[in-house]
Amino acid sequence: MPDLSTLIKALKPSSTMAFNTKANEMKRSGIDVIAMTAGEPDFQPPEHIFAAAREAIDKGMTKYTAAAGTVELREAIVGKFKRENNLSYEPSQIIVGTGGKQILYNAFMSILNPADEVIIPAPYWVSYPAQVQLCGGVSVPIMTKPENGFIPDIADFKAAITPKTKIIVLNSPSNPTGAVYPRELIKDIVELAASKDIWIFTDDIYEHLIYDGEFTAAAGFAQDKTLVIHGASKAYALTGWRIGYGAGPVELIKAMGRLQGQSTSGANALAQHAVVAALNEVEKTQEFIDMTKREYVKRRDVLVSGLNSLGLKTPKPQGAFYVMADLSPIHEDEMQAALILLNEAHVGAVPGTDFLAAGQARFSYATGLENIEKALERIEKLLKDRNTGCC
Ligand SMILES: Cc1ncc(COP(=O)(O)O)c(C=O)c1O
164 MPDLSTLIKA
174 LKPSSTMAFN
184 TKANEMKRSG
194 IDVIAMTAGE
204 PDFQPPEHIF
214 AAAREAIDKG
224 MTKYTAAAGT
234 VELREAIVGK
244 FKRENNLSYE
254 PSQIIVGTGG
264 KQILYNAFMS
274 ILNPADEVII
284 PAPYWVSYPA
294 QVQLCGGVSV
304 PIMTKPENGF
314 IPDIADFKAA
324 ITPKTKIIVL
334 NSPSNPTGAV
344 YPRELIKDIV
354 ELAASKDIWI
364 FTDDIYEHLI
374 YDGEFTAAAG
384 FAQDKTLVIH
394 GASKAYALTG
404 WRIGYGAGPV
414 ELIKAMGRLQ
424 GQSTSGANAL
434 AQHAVVAALN
444 EVEKTQEFID
454 MTKREYVKRR
464 DVLVSGLNSL
474 GLKTPKPQGA
484 FYVMADLSPI
494 HEDEMQAALI
504 LLNEAHVGAV
514 PGTDFLAAGQ
524 ARFSYATGLE
534 NIEKALERIE
544 KLLKDRNTGC
554 C
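For any residue, its number in our numbering is found by taking its place in the sequence shown, counting from 1, and adding 163.
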């Protein structure tokens, strides 16, 4: 076969997808696996969103939209920011893309030159460093600890900044840790970045999934130097419909739009129409979000107390639908531990290796309580069988 590019050859597959695929293959072969690997809600979206999608089909919305997204959707997104975050944007400052993931990629591509540095608190979502690498940039992780609830220290940001620093990435609530950063910390990080003319990329995709504490919009502290990355996947359970959006200074949004115009021509027209309903039919959408939050919080509490009582230390996160657990009682190497968990206990979790979380694994609780309880029973049996001295 003719050769592939050096960049692509260096790109690792996502470990989340790898473990998810393995868990699903085992399921297909008839093994009763409890997959706590995927980062997607197990709920179906509410009926008004389906109705809007049907309406889009009935009205024959089959054509390309504007590359940056329909005016209708961009106006609905402007409305969301005003209503929920007290942030004022013009539709020209909004871009819609094929998931938050594409928005991020457009943005890294629009800003990074070779060897530019991007500061990212870790454990981090694996796509950040992968996308930075694809754009020729260099990731600079800021390590956080479970005993501090994975909250970073402002001193570490100060120490990590160099003349090459172009972007600081914030993600609160965080994937994979579920950490929600305090308002003062976000303010300090944004002000630090602004004073050094560094971009803030604030990935707010889990904004609506906070169980204790409050969401802080980083853009509120320096809107002209901040790109918000957001989307419909997590709060509205629309992962497969692939709608994300970005909000930021018009020059950056235009640059991202040029790239999108040449790469994908924009997001799916039917899904864009449906997401307008998700954003504008505020009460119905809020009811759905409240229902999912009530379920997530029950699941989080059962999972965190269950794992801790089995000796797998797990901080209680305030948001998203993930926990990070210490798997060292199973095996000191987290990759081995996650394989043992999957192969012997038939519980799928994502090893922390690619998140920079040595010894740990991410469990998603976007699955029913029954599954969580069953997973805990299986882990208990595994630990007993391996004579770990547990329970
Ligand atoms: C932290 C974070 N940001 C962004 C995304 C992108 O989601 P999507 O492309 O489905 O909008 C995800 C999805 O897992 C995520 O966990």
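Here a beta-carbon is modelled for each residue, glycine too, at the ideal position from N, C-alpha and C.
Just so we're clear, the structure is a prediction, and the values are computed from it rather than from any experiment.
- Of all C-beta pairs linking the region 338-349 to the region 281-289, three or more are shorter than 8 Å, placing the two stretches in contact.
- Of the residues Y459, M419 and G403, the one whose Cα lies closest to the Cα of V438 is G403.
- Assignment of beta-bridge partners to T169 by DSSP yields no partner.
- The C-beta of D195 has fewer than 16 other C-beta atoms within 10 Å across all chains shown, which makes the residue exposed.
- Burial check for P277: the Cβ neighbour count within 10 Å stays below 16, so the residue is exposed.
- Annotation: the continuous alpha helix (DSSP H) that includes Q435 extends over A432 to N443.
- Each residue's CA atom was taken as its position, placing P492 and A430 some 45 Å apart.
- Here Y485 carries a strand assignment [DSSP, helix/strand/coil].
- In this structure A385 touches V353 by the C-beta definition: roughly 5 Å separates them, less than 8 Å.
- At a cut-off of 3 residues, the continuous stretches assigned as beta strand (DSSP E) that sit fully inside the region 514-548 are 523-527.
- The continuous beta strand (DSSP E) containing A285 extends over residues E280 to A285.
- Here the C-alpha atom of C553 lies approximately 6 Å from the C-alpha atom of L546.
- Residue pairing by DSSP places H393 opposite Y408 in a beta bridge.
- By the neighbour-count criterion, in which a residue is buried when 16 or more other Cβ atoms sit within 10 angstroms of its Cβ, L170 is exposed.
- Ranked by how close their Cα comes to the Cα of F364, the residues N183, S273 and P309 have S273 in first place.
- Contact between Y459 and L372 holds: their C-beta atoms lie close to 6 Å from each other, under 8 Å.
- Annotation for T340 indicates a beta carbon at 7 Å or more from all heavy atoms of ligand 1.
- Per DSSP, reduced to three states, the secondary structure at T365 is strand.
- Counted as a single uninterrupted DSSP element, the stretch harbouring V301 is not any alpha helix (DSSP H) but the beta strand (DSSP E) occupying residues V301 to M306.
- If you check the C-beta of K264 against ligand 1, you find a heavy atom less than 7 Å away.
- Taking all protein chains shown into account, Y227 has fewer than 16 neighbouring C-beta atoms within 10 Å of its C-beta and is therefore exposed.
- Residue burial annotation: D489 is buried, with at least 16 other C-beta atoms found within 10 angstroms of its C-beta.
- For I258, the uninterrupted beta strand (DSSP E) segment begins and ends at I257 to G260.
- Contact check between the region 385-399 and the region 255-266: three or more CB pairs, one atom from each, fall below 8 Å, which counts as touching.
- In the structure shown, I314 falls within a coil segment according to DSSP collapsed to helix, strand and coil.
- Nearest neighbour of L415 by Cα position, chosen from L297, E377 and W362, turns out to be W362.
- For S527 against A201, the beta-carbon gap comes to about 6 Å, under 8 Å, which counts as contact.
- In this structure, G300 has its beta carbon at no less than 7 Å from each heavy atom of ligand 1.
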